[in-house]
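The structure appears right after this line, and notes come after that.
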Amino acid sequence: MAMTLETPALQRSDAIEPAAARSPRRAPRWRGPVLGLLLPLTVALGWEAVVHFGWSNGRLVPPPSKVIATIIELAQTGELTRHIVATVGRVAAGFGLGVLAGTLLGAVSGYWGLARQVLDPTVQALRAIPSIAWVPLFILWLGIFETSKVALIAVGVFFPVYLGVMGAIRSVDRKIVEVGRTFRLSGPAMIRRILLPAVLPAYVVALRVGLGLGWMFVVAAEFMGASEGLGFLLIDGQQLGKPAQIVAAIVIFALLGKTTDWLIEIATAPLLRWQDSFGPREGEA
0 MAMTLETPAL QRSDAIEPAA ARSPRRAPRW RGPVLGLLLP LTVALGWEAV VHFGWSNGRL
60 VPPPSKVIAT IIELAQTGEL TRHIVATVGR VAAGFGLGVL AGTLLGAVSG YWGLARQVLD
120 PTVQALRAIP SIAWVPLFIL WLGIFETSKV ALIAVGVFFP VYLGVMGAIR SVDRKIVEVG
180 RTFRLSGPAM IRRILLPAVL PAYVVALRVG LGLGWMFVVA AEFMGASEGL GFLLIDGQQL
240 GKPAQIVAAI VIFALLGKTT DWLIEIATAP LLRWQDSFGP REGEA
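Per numbering that gives the first Met the number 0, the very first residue in the sequence shown carries number 0; after that it's consecutive.
Have a look at this one:
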């Protein structure tokens, strides 16, 4: 009798344990940022130790302590703020124009076959042109002032956004579209309820790629006779033989790029909560 009573209990506990074992464990919120900082901090501390113990003079690649001192010095004079504001303003303007043009043309090319046949070959040919090749043309057309710099950044942002939108629209499952037509959805309703949710994940990736290229193109843009900006700091450090200033500008570029990429992630996260994607979510071990 005892065996009869205990067996179901054992069976129930055996059935419950695998489900509990499969449930993801919530990781602390600080785990992600700490793991992300682990590699750069390890490299920085390692190089600091190499220079400290005399294994390298650190002349061409200055240690982190010297780079930080250079950043503090630039910040105290107000020069760093002026350069950061100039660069961020150019990237913001160029990113906005590039996203607008890339989204519109990508949507037209992805949704309308005739437009794709007309536009896409030309866009793909222009995409193969190196960024530096646009510099003399933009200087000739627009001068060496802000307009040419913003235009160059917009060109860098345009192509990944265009390709991302067009490719995402073309990859929408035909069966989903047929379901919308079965329910007699109008054109705007089809876009809002079918196409937009299907395109949005790829669109967010395209925005992040375009933003990364925007930060790359701003360096080339600020080589065009700029008197302020982080690109100017790079050139100034090269001409005056200040490797610490060059590395400081590179570090600030990296921090600004990561911060703006993180802002895009945060801004678009509520729009992608419906995704049931592969892999652990944020905060899960």
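Where is the CB? At the ideal position from N, CA and C, for every residue including glycine.
Skipping 5 residues on each side, what residues in its chain have a beta carbon closer than 7 Å to that of His82?
Glu227, Gly228, Leu229, Phe231, Leu232
Are Phe288 and Gly256 closer than 8 Å when you measure CB to CB?
Only positions 0 to 284 of the chain appear in the structure, and residue 288 is not among them; the question remains open.
Is it the case that the Cβ atoms of Ala197 and Ile175 are separated by a distance below 8 Å?
yes
Mapping DSSP to helix, strand and coil, what is Gly45?
helix
Out of Trp54, Val134, Gly224, point me to the one whose CA is closest to Ala150's CA.
Val134
Any idea if Ser108 is buried or exposed, counting beta-carbon neighbours within 10 angstroms, 16 or more meaning buried?
buried
Buried versus exposed, by CB contacts within 10 Å (16 or more), Ile128:
exposed
Contact check, Leu271 vs Val164, beta carbons under 8 Å:
no
Output needed for Ile265: all residues of its chain with C-beta closer than 7 Å, excluding positions within five of it in sequence on either side, in chain order.
none
At a threshold of 7 Å, does Val117 count as lining the ligand NAD (C-beta to nearest heavy atom)?
In terms of ligand content, the structure shown is empty, and the ligand NAD therefore cannot be addressed.
What is the DSSP secondary structure of Met223, counted as helix, strand or coil?
coil
Cα-Cα, which of Ala132, Ser170, Gly101 is closest to Asp333?
Shown here, the chain extends from 0 to 284; a query on residue 333 therefore has no answer.
Give the DSSP-derived three-state secondary structure of Pro129 in the structure shown.
coil
Please go through the same chain and pick out, in chain order, the residues whose beta-carbon is closer than 8 Å to the beta-carbon of Ser130, but skip the five residues on each side of it.
Leu151, Val154, Gly155, Met215, Phe216, Ala219
Among Gly97, Ala106, Val246, Gly35, nearest to Ser170 - alpha-carbon criterion:
Ala106
Cβ shell of Ser147 (< 7 Å), same chain only, five flanking positions each side left out
Phe137, Ile138, Leu141, Met223
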